[in-house]
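Position in the sequence shown counted from 1, then plus 4, gives you my numbering. To start, the structure itself, in structure tokens.
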Amino acid sequence: MRTELEEIFKRHAHAKRDSLIPILQEIQDKMGYLSEEAVVSVGQHLNIATSKIYGVATFYNQFRFEPKGKNHVMVCRGTACHVLGSQTVLEAIENKLKIKAGQTSRDGLFSIEVVACIGACGLAPVLNINGNFHAKVTVEKIDEIIESYRNKEE
Numbered sequence: 005m006r007t008e009l010e011e012i013f014k015r016h017a018h019a020k021r022d023s024l025i026p027i028l029q030e031i032q033d034k035m036g037y038l039s040e041e042a043v044v045s046v047g048q049h050l051n052i053a054t055s056k057i058y059g060v061a062t063f064y065n066q067f068r069f070e071p072k073g074k075n076h077v078m079v080c081r082g083t084a085c086h087v088l089g090s091q092t093v094l095e096a097i098e099n100k101l102k103i104k105a106g107q108t109s110r111d112g113l114f115s116i117e118v119v120a121c122i123g124a125c126g127l128a129p130v131l132n133i134n135g136n137f138h139a140k141v142t143v144e145k146i147d148e149i150i151e152s153y154r155n156k157e158e
């Protein structure tokens, strides 16, 4: 990880505070998330307090502080999905996986992300798992959907 950070910092050798978000985006693109080590290193590189970096990074929901699971579950919370029950679908997924949105399961198999809109409103409520769309999802379908991904791992 250290080498990857050094490469990013070389590309931003004379960076100032206004480069914070692009640097964080580049780190997340490369590593999949912002580790504590990465945030501290960015602070040292830009001479910004770590708490300030966390303040900026937590403001934007594009940044994550844990690696994604092997099966990344994106739950749409757009208007159509919301009206058709995506909140109860989200709660069912969290209960099934025993994690909350933004977290990754201990075994690393699943992570949950809430997204503002997937753009498939006619199929609401919608899940996207590893690029696969699941349409008109109900609480009753959650066990079957999750288990199908768990079985692929065995």
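Note that the Cβ used here is the ideal one computed from N, Cα and C, for glycine as well.
Environment of residue i [buried if 16+ CB atoms lie within 10 Å]
i, result
"Val93", "buried"
"Ser152", "exposed"
"Ala96", "buried"
"Ser55", "exposed"
"Val44", "exposed"
"Thr108", "buried"
Beta bridge counterpart(s) of residue i as assigned by DSSP
i, result
"Thr108", "Ser115"
"Leu131", "Val79, His138"
Any non-hydrogen atom of the ligand MG within 7 Å of residue i CB
i, result
"Val93", "By its list of ligands, the structure shown contains no ligand whatsoever, and the ligand MG lies outside what it can speak to."
Cβ-Cβ distance between residue i and residue j below 8 Å
i, j, result
"Arg81", "Gly106", "no"
"Ile149", "His138", "yes"
Which listed residue (the options) has its alpha carbon closest to that of residue i
i, options, result
"Lys140", "Ile146, Pro129, Ala42, Glu10", "Pro129"
"Asp33", "Asn155, Arg110, Glu8", "Glu8"
Cβ contact check for the region 75 to 90 and the region 108 to 119: 3 or more pairs under 8 Å: yes
The region 67 to 74 touching the region 99 to 114, judged by at least three CB pairs closer than 8 Å: yes
Touch test, the region 35 to 50 against the region 81 to 93, Cβ-Cβ under 8 Å, three pairs minimum: no
Contact the region 18 to 33 vs the region 55 to 70: 3+ CB pairs below 8 Å: yes
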